[in-house]
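Asks: Residue numbers (this note's numbering): 3 to 358. Just so you know, even glycine gets a beta-carbon here, dropped at the ideal spot from N, CA and C.
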């Protein structure tokens, strides 16, 4: 394994070069994070794998370019081949508390109804699955469940080993109270019944192993949100709002609720943004609260059509601006969730499982 002037290209030289490459979200180098795997040197050619914290990583391109630039400084270096794999950090409180193998749990909330919260949850779940993650979607809007309609399913598989089996569409496993009641049956339930129903949809379902469980919460701040936070450790919460100030005012209550429940805020998304409703209230809300503003999803009639037809926009119109935005948001959210989970592990002096 020789380079220029018969100088050998060594594992040590390659790893030293890669130790100057910083992971953009974690702000540490790839070597100390143990993200460099399966290094092989053949002559002057180098082949290795970068182990990401999420298959939906939005910054793969930067890490690839930075790695190749660092290795180009080794005299005589030849072809550099970078492979990709992912090991999503796991919030081990989840398994300890409810006995399910969810690596991360993401609550999708809104301060009021009608802002497109369920639509965002569905399209984000599908986008994460299309990017290579194992994803589940819990329709926790018990009193107004509509995820099955958006996902194009009207029933779930038969019970297996005394466990409910989630339906699956577009690579996403999902469960909803809509599967368990007649379409015209109103659910007039008090807090204890809501608590029991949400717990059953979490614990009595054969979810399997998931990188992300996306939870579509009911709008507002009510028993359902409190129940979920009590039953299930949440990796973080997304807050969905519209561009109008009245929607942002209601969303602020949601932010404050999660603060009281000690649930990290992943960020704020402004939905239905554009000429008709305007723009800006979501970004202002995030700035006022010192939360991350993740971006805006443009108003697009195909979002509504996709939800009504059971083919969400990231499936039906993947090249549309709205679908591209939702896919980008999925990557950003996954990266932020990995960061939150790793920070939590570090603060609690828990070994970082993804680099063990």
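Could you check which residue in 95, 242, 44 and 284 has the C-alpha nearest to that of residue 110?
Replies: Taking the first residue of the chain shown as 1, we reach residue 110 at position 108. Among 95, 242, 44 and 284, the Cα nearest to that of residue 110 is on 242.
Asks: How would you call residue 157, buried or exposed, if buried means at least 16 neighbouring beta carbons within 10 angstroms?
Replies: In the chain shown, counting from the first residue as 1, residue 157 sits at position 155. Label assigned to residue 157: exposed.
Asks: Give the DSSP-derived three-state secondary structure of residue 125 in the structure shown.
Replies: The residue you call residue 125 lines up with position 123 of the chain shown. In this structure, residue 125 counts as helix in the three-state DSSP scheme.
Asks: Find the nearest neighbour of residue 153 within the set 324, 315 and 342, judged by alpha-carbon distance.
Replies: Within the chain shown, residue 153 is the residue found at index 151, counting from 1. When each option's Cα is compared against that of residue 153, the closest is 315.
Asks: Among 42, 283, 13 and 58, which has the Cα closest to the Cα of residue 90?
Replies: By 1-based counting over the chain shown, the position of residue 90 is 88. Nearest option by C-alpha distance: 58.
Asks: Please name the residue in 112, 20 and 233 whose C-alpha comes closest to that of residue 252.
Replies: For the purposes of this step, residue 252 is taken as the residue at position 250 of the chain shown. Ranking 112, 20 and 233 by Cα distance to residue 252 puts 112 first.
Asks: Per DSSP, what are the beta-bridge partners of residue 34 in this structure?
Replies: Taking the first residue of the chain shown as position 1, residue 34 is located at position 32. Answer is none; residue 34 lacks a bridge partner.
Asks: Output the residue ranges of the beta strand (DSSP E) runs that lie fully inside the stretch 271-336 and measure 3 residues or longer, sorted by chain position.
Replies: As far as the stretch 271-336 is concerned, its whole beta strand (DSSP E) runs of at least 3 residues are 295-300.
Asks: Just to confirm the assignment, what range does the beta strand (DSSP E) spanning residue 82 have?
Replies: In the chain shown, residue 82 corresponds to position 80, counting from 1. Residue 82 -> beta strand (DSSP E) spans 82-88.
Asks: If the criterion is Cβ atoms closer than 7 Å, does the pair residue 332 and residue 129 meet it?
Replies: Position 330 of the chain shown, counted from the start, is the residue given in the question as residue 332. Position 127 of the chain shown, counted from the start, is the residue given in the question as residue 129. Yes.
Asks: List the residues that DSSP assigns as beta-bridge partners of residue 239.
Replies: Residue 239 sits at position 237 when you count from the first residue of the chain shown. Residue 239 is bridged to 109 and 267.
Asks: Just the C-alpha distance for residue 323 and residue 137, rounded to the nearest angstrom, thanks.
Replies: Numbered from 1 along the chain shown, position 321 holds the residue referred to as residue 323. Numbered from 1 along the chain shown, position 135 holds the residue referred to as residue 137. Their Cα atoms are separated by approximately 23 Å.
Asks: Quick one: measure Cβ to Cβ for residue 178 and residue 159, integer angstroms, because I've assumed they're closer than 8 Å.
Replies: Locating residue 178 in the chain shown gives position 176, where the first residue counts as 1. Locating residue 159 in the chain shown gives position 157, where the first residue counts as 1. Actually they are not in contact, since the Cβ atoms of residue 178 and residue 159 sit about 14 Å apart, beyond 8 Å.
Asks: Between the Cα of residue 236 and those of 202, 106 and 257, spot the shortest distance and give me the residue it belongs to.
Replies: By 1-based counting over the chain shown, the position of residue 236 is 234. Cα-wise, what sits closest to residue 236 is 106.
Asks: For a quick check, are the C-beta atoms of residue 269 and residue 245 less than 7 Å apart?
Replies: Residue 269 sits at position 267 when you count from the first residue of the chain shown. Residue 245 sits at position 243 when you count from the first residue of the chain shown. Taking 7 Å as the Cβ cut-off, residue 269 and residue 245 do not qualify as a contacting pair.
Asks: Pull the bridge partners of residue 54 from the DSSP assignment, please.
Replies: Counting from 1 along the chain shown, the entry for residue 54 is found at position 52. Partner(s): 88.
Asks: Under DSSP, the beta strand (DSSP E) around residue 23 begins and ends at which residues?
Replies: Here residue 23 refers to the residue found at position 21 of the chain shown. Here residue 23 belongs to no beta strand (DSSP E), and DSSP marks it neither H nor E.
Asks: Can residue 296 and residue 334 be called in contact, C-beta distance under 7 Å?
Replies: Reading the chain shown from its first residue, position 294 is the one you call residue 296. Reading the chain shown from its first residue, position 332 is the one you call residue 334. Yes, Cβ-Cβ distance for residue 296 and residue 334 is below 7 Å.
Asks: Once DSSP output is grouped into helix, strand and coil, what is the label at residue 172?
Replies: Residue mapping note: residue 172 aligns to position 170 of the chain shown, counting from 1. Three-state DSSP puts residue 172 in coil, outside helix and strand.
Asks: Report the residue from 60, 346 and 278 whose alpha carbon sits nearest the alpha carbon of residue 336.
Replies: Within the chain shown, numbered from 1, the residue matching residue 336 stands at position 334. Nearest C-alpha to residue 336: 60.
Asks: Does the stretch 76-85 come close enough to the stretch 198-213 that 3 or more CB-CB pairs lie under 8 Å?
Replies: Touching, no, given that fewer than three Cβ pairs across the two stretches are closer than 8 Å.
Asks: Would you give the residue range spanned by the beta strand (DSSP E) that residue 78 belongs to?
Replies: As a working mapping, residue 78 is identified with position 76 in the chain shown. Where residue 78 is concerned, there is no enclosing beta strand (DSSP E), given that its DSSP letter is neither H nor E.
Asks: In or out: residue 13 buried (at least 16 other Cβ within 10 Å) or exposed?
Replies: Translated into positions along the chain shown, residue 13 becomes position 11. With fewer than 16 other Cβ atoms within 10 Å, it is exposed.
Asks: In terms of residue numbering, what span does the beta strand (DSSP E) encompassing residue 137 cover?
Replies: Here the question's residue 137 lines up with position 135 in the chain shown. 137-141 is the extent of the beta strand (DSSP E) around residue 137.
Asks: Can you tell me whether residue 39 is helix, strand or coil according to DSSP?
Replies: Numbered from 1 along the chain shown, position 37 holds the residue referred to as residue 39. Residue 39: strand per DSSP, three-state reduction.
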